[in-house]
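Numbering (my numbering), first residue to last: 748 to 986.
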């Protein structure tokens, strides 16, 4: 709580200072520098976090849910989202230290190299995001036809296909948390088709015929290559 009070005190002072500068320079001149956009985004994140905190106070959870550990709270709880925004704002505030270092003439040049390192990290994060989205699209295309699949167990109970990968957004979110080790295979129920103890197995005649057709050229090529090897071996023995 003291850290949050300090952060919001700093944000209130920044808002007052930036508002005075905005009134003096105007919209076009004020936003002509990139760090003022950064400050605007930082202030917006903390303002949104404050809005979420007030909403969580005015619309509290049920008493039973409040007694649970935070790891079991609903993902849409206002206080959880508030913590996410506050943490994001604190991280952006730490990055603002580079700007203050750059104002010091003695070490301003060294900060440029640090800034390049940060830009490189940004590039890696962008590549990571592209890879995650690509995997999410592929997983979603594979899982989409089986979302409504149900299997009937021998005891009469039914198991439905998991909905963790029901859209690209949820797939990206699950892949993101998988980076931190939250991708337990036991929590994702995979049902590849409607089936049960009384269902008749499906015989894929066309698929079997296509497999045999593709296996035949491979077998002929393999036999031909073996005949050539045997012929070369016989010729070497004869010589």
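C-beta atoms are modelled at their ideal positions from N, C-alpha and C, and glycine is treated no differently. These figures come from a predicted structure and were not determined experimentally.
Taking 8 angstroms as the cut-off, decide whether the C-beta atoms of residue i and residue j are in contact.
i: residue 1011; j: residue 803; result: What is shown of the chain runs 748 to 986, which leaves residue 1011 out entirely.
i: residue 875; j: residue 894; result: no
i: residue 793; j: residue 760; result: no
i: residue 762; j: residue 801; result: no
i: residue 782; j: residue 846; result: yes
Give me the residue from the options with the minimum Cα distance to residue i.
i: residue 886; options: 937, 962, 755, 833; result: 937
i: residue 842; options: 868, 823, 852; result: 868
Is it buried or exposed for residue i, if we count other Cβ within 10 angstroms and need 16 for buried?
i: residue 757; result: exposed
i: residue 912; result: buried
i: residue 890; result: buried
i: residue 799; result: buried
i: residue 898; result: buried
i: residue 919; result: buried
With a threshold of 7 angstroms on Cβ separation, who are the neighbours of residue i within its own chain once the five nearest residues in sequence on each side are excluded?
i: residue 922; result: 879, 882, 883
i: residue 784; result: 778
i: residue 864; result: none
Counting only the same chain and skipping the five closest in sequence on each side, list residues whose C-beta sits under 6 angstroms from that of residue i.
i: residue 796; result: 829, 832, 833
Just to confirm my understanding: we take residue i, look at its own chain, exclude 5 residues before and 5 after, and list those with CB closer than 8 angstroms. What are they?
i: residue 840; result: 754, 757, 789
Does the ligand COA have even one heavy atom less than 7 angstroms from the beta-carbon of residue i?
i: residue 887; result: As presented, the structure is devoid of all ligands, the ligand COA included, so that no description of it is given.
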